[in-house]
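A.B. asks:
There are 2 protein chains.
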Amino acid sequence: MGRPAKFEPAAAVGMAMDVFWRQGYGATSPQGLADELGIGKGSLYNTFDSKHNLFTQALLAYSSLRATALVELLDEPGPVRSRLRAVVEEMTGFGDHRRGCLVVNAIGELAETDAAVTEIGNALFDRIEEAFRATIAYGRSTGELTGHQPPADAASGLLATIIGTSVLVRAGGTSERVQRIVDSAIEAL
Amino acid sequence: MGRPAKFEPAAAVGMAMDVFWRQGYGATSPQGLADELGIGKGSLYNTFDSKHNLFTQALLAYSSLRATALVELLDEPGPVRSRLRAVVEEMTGFGDHRRGCLVVNAIGELAETDAAVTEIGNALFDRIEEAFRATIAYGRSTGELTGHQPPADAASGLLATIIGTSVLVRAGGTSERVQRIVDSAIEAL
DNA sequence: CGCATATTTGACCTGGAGGTCAAATATGCC
DNA sequence: GGCATATTTGACCTCCAGGTCAAATATGCG
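These protein sequence lines are chains A and B, in that order.
Position one of the first sequence corresponds to residue 275 (the working numbering), numbered consecutively onward.
Position one of the second sequence corresponds to residue 275 (the working numbering), numbered consecutively onward.
1. I'd like to know whether the C-beta atoms of A/R407 and A/A385 end up nearer to each other than 8 angstroms.
2. Select from the region 417-445 of chain A all residues with a C-beta closer than 9 angstroms to any C-beta belonging to chain B, and list them in chain order.
3. Just to confirm, are A/G382 and B/E383 a CB contact at a threshold of 8 angstroms?
4. Once you ignore the five residues that flank A/D400 on each side, which residues in its own chain have a CB closer than 8 angstroms to its CB?
5. Relative to the C-alpha of A/T321, which residue among A/S449, A/G447, A/V287, A/G306 is closest?
6. Pick helix, strand or coil for A/L328, following the three-state DSSP scheme.
7. The alpha helix (DSSP H) spanning B/Q305 covers which residue range?
8. Put B/F399 into one of helix, strand or coil per three-state DSSP.
9. Using a Cβ-Cβ distance under 8 angstroms, would A/T392 count as near chain B?
10. Does DSSP put B/Y299 in a helix, in a strand, or in coil?
11. Is B/D427 buried or exposed, if buried means 16 or more other CB atoms sit within 10 Å of its CB?
12. Since A/N396 meets chain B, which of its residues come closer than 8 angstroms, beta carbon to beta carbon?
13. Are B/V452 and B/V378 closer than 8 angstroms when you measure CB to CB?
14. Spell out whether any CB of chain B is found under 8 angstroms from the CB atom of A/A381.
15. So is B/E386 in contact with chain A if we call contact Cβ pairs under 8 angstroms?
16. Taking Cβ to Cβ, would you say A/G300 is nearer than 8 angstroms to B/A301?
17. Using a Cβ-Cβ cut-off of less than 9 angstroms, list which residues of the region 282-301 of chain B approach chain A; keep chain order.
18. Using 8 angstroms as the threshold, is the region 351-366 of chain B in touch with the region 304-318 of chain B, meaning 3 or more CB pairs across them?
19. Under 8 angstroms: do the region 406-425 of chain B and the region 331-343 of chain B share three or more Cβ pairs, one atom per stretch?
20. In the DSSP assignment, find the alpha helix (DSSP H) that holds B/D457 and state where it starts and stops.
21. The alpha helix (DSSP H) that contains B/G431, what's its start and end?
22. Can you check whether the CB of B/A459 is closer than 8 angstroms to the CB of B/V362?
23. If you follow the alpha helix (DSSP H) that A/G316 is part of, which residue opens it and which one closes it?
24. Rounded to whole angstroms, how far is the Cβ of A/G438 from the Cβ of B/I437, which I believe are closer than 8 angstroms?
So, in structure tokens, the structure goes:
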């Protein structure tokens, strides 16, 4: 009973994610979000209590998407280097959008004053780093990877690399540069 | 003649730089800036026509500082690896503040909608990358650096690494992780 | 001292941010 | 149909952002 809901909260979070991704937090207004979703501003506030809460949920949804994609790519068959290359290229956000990484953008804008952002960010970073470490260690064990650094070091390096690359992509960096970075990072393993 | 000015514009830009660095662009208000500078809001607008223009000047001043520090560290005597390590540690913003890099933060927040930001950012990135490339090439020529990748690739990789590290630092990443990244990056050369 | 000039200042303005809420609307059920 | 319930909605509220400006203030100079 009751009036049927007009929008699915999960879908709304997805759309909000997109808008925050493009415009950043400060430059995104509740009215704008409501318009983009085709609903009244009141409905937004009934479901998500505040702009900040919606943002947090968008960040979490984003983290989840990224982490899932990461695991999927690393579980694919094939040489370890190819898999890692695929991950680096995917995580870098170089595909279509060129918006970089939402979490990285949020840290740049808000980390100093928003604990939720740093928490979500660090959780995502930890997951990525650990997945890298495990895959690199595996590659070493099979002899596919011949580098000399500890896998944990290489994994941290790879993490920094994809974060940096996502920033460069967002700044409109050339694909040549991005390619050089990816080559350099994968080769070093 | 005329009433004596109460504040030096260059000093004001410096202070503004600091505030933007901490809070980001959107979260910083003209009133707040004026308060922090101990002057009236009107004075601010007499000197800098808009918040955005002041921000742009702050970004330029910041870029200049960073580029200068970079060159200084690379001109120091000593082994190439040490010099590069010093640069990576310095540029990473890991020293005292832990605010990351102002330019990187600005890109995260505004790149999609603010052309001035991407321009300034890319100019800084180009300078850093080129300085890295030249130094790496030199290190190769003297035999100090034994890596196999083209210097341009390694330089791009190092650029991505310091950007990524600045983000991790801003997010409050552990110094252990930062150390792993630096070790990994320098070793790979 | 009185004037011209340069700078400062806070009151003032408009627009929109972020958020609230009472009324309107669309169901299921009796 | 009439009721209870769930959801929607835009008008409404307060506050402050970003910016403007006329008046006030502090100098050098004749």
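Where is the CB? At the ideal position from N, CA and C, for every residue including glycine.
C.D. replies: On the basis of the supplied data:
1. Taking the first sequence and counting its residues from 1, the one referred to as residue 407 of chain A is at position 133. Taking the first sequence and counting its residues from 1, the one referred to as residue 385 of chain A is at position 111. No, Cβ-Cβ distance for A/R407 and A/A385 is not below 8 angstroms.
2. G421, H422, Q423, P424, A426, D427, A428, A429, S430, G431, L432, L433, A434, T435, I436, I437, G438, T439, S440, V441, L442, R444, A445
3. Taking the first sequence and counting its residues from 1, the one referred to as residue 382 of chain A is at position 108. Taking the second sequence and counting its residues from 1, the one referred to as residue 383 of chain B is at position 109. Contact flag set, yes.
4. Here residue 400 of chain A is taken as the residue at index 126 of the first sequence, counted from 1. Cβ neighbours of A/D400 beyond the five flanking positions: none.
5. The residue you call residue 321 of chain A lines up with position 47 of the first sequence. Of A/S449, A/G447, A/V287, A/G306, the residue nearest in Cα terms is A/V287.
6. Locating residue 328 of chain A in the first sequence gives position 54, where the first residue counts as 1. Reduced to three states, the DSSP call for A/L328 is helix.
7. Counted from its first residue, the second sequence places residue 305 of chain B at position 31. Run containing B/Q305: 304-311, per the alpha helix (DSSP H) assignment.
8. Position 125 of the second sequence, counting from 1, holds the residue named residue 399 of chain B. B/F399 falls in the helix class under three-state DSSP.
9. Taking the first residue of the first sequence as position 1, residue 392 of chain A is located at position 118. Answer yes: the Cβ-Cβ gap between A/T392 and chain B drops below 8 angstroms somewhere.
10. As a working note, residue 299 of chain B is residue 25 in the second sequence. Three-state DSSP puts B/Y299 in coil, outside helix and strand.
11. Numbered from its first residue, the second sequence carries residue 427 of chain B at position 153. The residue is buried, with at least 16 neighbouring Cβ atoms inside 10 Å.
12. Within the first sequence, the letter at position 122 stands for residue 396 of chain A. The answer, in chain order, is A445, G446, G447.
13. On the second sequence, residue 452 of chain B is found 178 positions in, with the first residue counted as 1. On the second sequence, residue 378 of chain B is found 104 positions in, with the first residue counted as 1. Not a contact, by the Cβ cut-off of 8 angstroms.
14. Against the first sequence, residue 381 of chain A aligns to sequence position 107. The sequence shown places Ile at residue 381 of chain A, rather than the Ala named in the question. Yes, because at least one Cβ of chain B sits closer than 8 angstroms to the Cβ of A/I381.
15. Taking the second sequence and counting its residues from 1, one reaches residue 386 of chain B at position 112. It does: the Cβ of B/E386 has a partner Cβ on chain A nearer than 8 angstroms.
16. Position 26 of the first sequence, counting from 1, holds the residue named residue 300 of chain A. Position 27 of the second sequence, counting from 1, holds the residue named residue 301 of chain B. It is a contact, given that the beta carbons lie within the stated cut-off.
17. The residues in question are W295, R296, Q297, G298, Y299, G300, A301.
18. Judged by Cβ distances under 8 angstroms, the region 351-366 of chain B makes no contact with the region 304-318 of chain B, as fewer than three pairs qualify.
19. no
20. What you label residue 457 of chain B is simply residue 183 of the second sequence in a count that begins at 1. Its alpha helix (DSSP H) spans residues 449-461.
21. Here residue 431 of chain B corresponds to residue number 157 of the second sequence, with the count starting at 1. It spans 425-444 - the alpha helix (DSSP H) in which B/G431 sits, taken as one unbroken run.
22. Here residue 362 of chain B refers to the residue found at position 88 of the second sequence. Here residue 459 of chain B refers to the residue found at position 185 of the second sequence. Contact: yes.
23. Along the first sequence, read from residue 1 onward, the residue named residue 316 of chain A stands at position 42. Note, A/G316: alpha helix (DSSP H), 315-321.
24. Along the first sequence, read from residue 1 onward, the residue named residue 438 of chain A stands at position 164. Along the second sequence, read from residue 1 onward, the residue named residue 437 of chain B stands at position 163. Between B/I437 and A/G438 the Cβ distance is about 4 angstroms, and since that is below 8 angstroms, they are a contact.
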